[in-house]
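If you count by my numbering, then the sequence shown holds residues 1412 to 1619, one letter each, in order.
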Amino acid sequence: MAKITIFLAITGLSAYFLGAINGSIIASMNIFNKDVRRFGSGNAGLTNFARTFGVKGAVIVILVDVIKTVAAVMIGRLLLGSVGYPMIGKLFAGFCTMLGHVYPAYYRFHGGKAVLCVGTLAWMADWRIGLICWAIFFVIVVFTKYVSLGSMISVAFFPIGIWAFDYTGLEGVLGLLCTLLLIFAHRENIAKLIRGTENKLNIGGRKS
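Structure (structure tokens):
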């Protein structure tokens, strides 16, 4: 039990601080000498970055968010997997990565919405779940042009997929926590969707 507790602590802390590394802020500050959080929606995420600065630098944002999530999930898989809980290790690490991304200690707890983080986690948890979530995301975004709506609806299928493919109840709960965190991070988008003022996808629509 002590070993599991130690491994959980190591996984959680390492995943959080990896998650707190924000690709949007790094790219906007180093490529454009501007802080992405001062533009558009004020969010330090890929969508606001691309909408504000265009596609230039977006590859860096994607790589940072994907690599940090992969690294964190692999740590969780390795540590918790060594004591018989590989899936829990992956999901717990993924959740902590999302937490770090949304509330990064490096940036005064003002981060992004962890869409790429949970999207990467879904693939690493089970490719079938990842395929379902991403397919739903793309269909919704293509037809509505609302990235926020696609993100929230697709991630709602994350815990459903976990339970559907016969993982344990605890694993499903961790998946549900990931879903709730992402939806909470989109609370302002929900209000805008209700009011009809949410921005539609328009990459590079604003000049930097």
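Quick reminder that beta carbons are idealized off the backbone N, C-alpha and C, glycines included. All values derive from a computational prediction rather than experimental measurement.
Leaving aside the five residues that flank Ile-1594 on each side, the residues in its chain whose CB is nearer than 6 Å to its CB run, in chain order, Met-1563.
Nearest Cα to Trp-1538 within the set Val-1526, Phe-1506 and Ile-1573: Ile-1573. Here His-1521 carries a coil assignment [DSSP, helix/strand/coil]. Excluding residues up to 5 positions away in sequence, Ser-1559 and Glu-1609 lie with their Cβ nearer than 7 Å to the Cβ of Asn-1600 in the same chain.
Here DSSP, grouped into helix, strand and coil, assigns Asn-1441 to helix. Every unbroken stretch of the alpha helix (DSSP H) spanning 4 or more residues and falling wholly within the region 1527 to 1577 is given here in chain order: 1538 to 1555 and 1558 to 1575. Per the Cβ contact rule, the region 1452 to 1459 is in contact with the region 1415 to 1435 (3 or more Cβ pairs under 8 Å). The region 1493 to 1500 and the region 1519 to 1531 do not touch, with fewer than three beta-carbon pairs separated by less than 8 Å.
With contact defined as three or more Cβ pairs closer than 8 Å, the region 1544 to 1561 and the region 1575 to 1582 are not in contact. A distance below 7 Å between beta-carbons, with the five flanking residues on each side excluded, links Val-1552 to the following residues of its chain, in chain order: Val-1558, Gly-1561 and Leu-1612. In this structure, Ser-1425 is the residue among Val-1475, Ser-1425 and Val-1447 with its C-alpha nearest to the C-alpha of Val-1484. Our two residues, Val-1472 and Gly-1465, have alpha carbons roughly 12 Å apart in a direct line.
If you draw a straight line from the Cα of Gly-1530 to the Cα of Asn-1444, it is about 28 Å long.
Spatial neighbours of Val-1447 in its own chain (CB-CB distance under 7 Å, excluding positions within 5 residues in sequence) are listed in chain order as Ser-1435, Ile-1436, Ser-1439, Ala-1455, Asn-1459, Phe-1460 and Thr-1463.
Leu-1502 is a Cβ neighbour of Leu-1585, given a cutoff of 8 Å. Scanning its chain for C-beta atoms nearer than 7 Å, with the 5 sequence neighbours on each side dropped, one finds around Leu-1429 the residues Lys-1479, Ala-1482, Ala-1483, Thr-1508 and Gly-1511, in chain order.
Cβ-Cβ distances below 8 Å link Leu-1604 to Tyr-1557, Ser-1559 and Leu-1560 in the same chain, with the five nearest sequence neighbours on each side left out; the list follows chain order.
Counted as a single uninterrupted DSSP element, the stretch harbouring Lys-1611 is not any alpha helix (DSSP H), since DSSP gives it neither H nor E.
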